[in-house]
Ligand SMILES: C[S@@+](CC[C@H](N)C(=O)[O-])C[C@H]1O[C@@H](n2cnc3c(N)ncnc32)[C@H](O)[C@@H]1O
Ligand code: SF4
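In this note's numbering, the protein residues as written are -19 to 286.
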């Protein structure tokens, strides 16, 4: 498929369904009602979704310039509308736009200014969506909690997980978090298949240059507790490389901390944003630990997984 939009679904905190989560997210494809029934069949057959399929079938992209800038654009892939077969491979939920940190490259504050509210997902809206999917026979394979805020800053995050688990007990679930929360207060008793913690640095001094307002020890403790509380949870330390955190010594320190925390993967990620690491732009990282991996951009990594 030229991009994953006809096999995915993205629910924003305000109940909007946009065109995936990169450049295309400025396009609205529908809304989930606050009260009343929701029909996915109706939405997936609206003019916008029809336009997407027609564009793909005629070898073009639906939103022209917007698609050209979208990191999820895969123009040479075959067209296959999984939504018609009632299969959603990847369902992303944005629990909230709230976050206590102020990462300079994050679009959260702009989105708060520009998007209609509310900025926190209402549980009844999520339930309306899940009820519609179930009643019309949709299968969901993967659920991811992310979006443009900090998922764990939703006041009832574990209730969101309860609702999706009840609806889709076999879906694989993934949480992407900054880890600046107490693991037990937020997640005790809530199983998540994969927890990816964004920790860009191995010392407080370098970590807080991007994760402004964040506390490295809190994030490391969160990560340790995520793994030790349930060994079946796959825990990933995601480390974005910037010029301020990319020395060989700091990479080695991250590896030794990650080993001590017991994480399943320490994933170094390249970024295109301001302050990106230049040192390792075109050559492999000097990794020593067997669980460390060196990947390109977060979006390529996601595309490969779903
Ligand atoms: C907007 S955040 C929301 C989730 C959570 N608050 C967090 O920071 O992990 C979504 C993803 O964007 C990534 N991200 C943040 N700043 C980035 C940057 N400058 N370049 C690439 N990815 C970035 C985060 O690591 C995270 O995986
Ligand atoms: S922690 Fe995540 S949501 Fe918060 S400002 Fe940073 S990237 Fe954005």
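Glycine residues also receive a C-beta, built at the ideal position from the N, C-alpha and C atoms.
(Q) So, with DSSP's three-state summary, where would you put residue 211? (A) coil
Q: State whether the stretch -1 to 8 contacts the stretch 46 to 61, with contact taken as three or more CB pairs (one from each stretch) at a distance under 8 Å.
A: yes
Q | Boundaries (first-last residue) of the beta strand (DSSP E) holding residue 152 | A | 152 to 157
Q.
Under DSSP, the alpha helix (DSSP H) around residue 23 begins and ends at which residues?
A. Where residue 23 is concerned, the enclosing alpha helix (DSSP H) stretches over 20 to 24.
**Q.** residue 121 - DSSP class collapsed to helix/strand/coil
**A.** strand
Q) Under a three-way DSSP split, which group does residue 14 fall into? A) coil
Q. Where does residue 76 sit, in a helix, a strand or coil, going by DSSP?
A. strand
**Q.** residue 77 versus residue 124 - alpha carbon distance
**A.** Going by the C-alpha atoms only, they are around 15 Å apart.
Q) Buried or exposed: where does residue 175 fall if 16 or more other Cβ atoms within 10 Å of its Cβ makes it buried? A) Looking at its Cβ environment, which holds 16 or more other Cβ atoms inside 10 Å, residue 175 is buried.
Q. If you count every other CB in all the chains shown that lies within 10 Å of the CB of residue 159, and 16 or more means buried, which is it?
A. Residue 159 comes out buried.
Q) How should residue 234 be labelled, buried or exposed, when 16 other C-beta atoms within 10 angstroms of its C-beta is the threshold for buried? A) buried
Q | Three-state secondary structure assigned by DSSP to residue 248 | A | Looking at residue 248 - three-state DSSP - the assignment turns out to be strand.
Q) Distance, Cα to Cα, residue -9 vs residue 269? A) 37 Å
Q) Does DSSP put residue 268 in a helix, in a strand, or in coil? A) coil
Q) Relative to the alpha-carbon of residue 89, which residue among 127, 107 and -13 has its alpha-carbon at the smallest distance? A) 127
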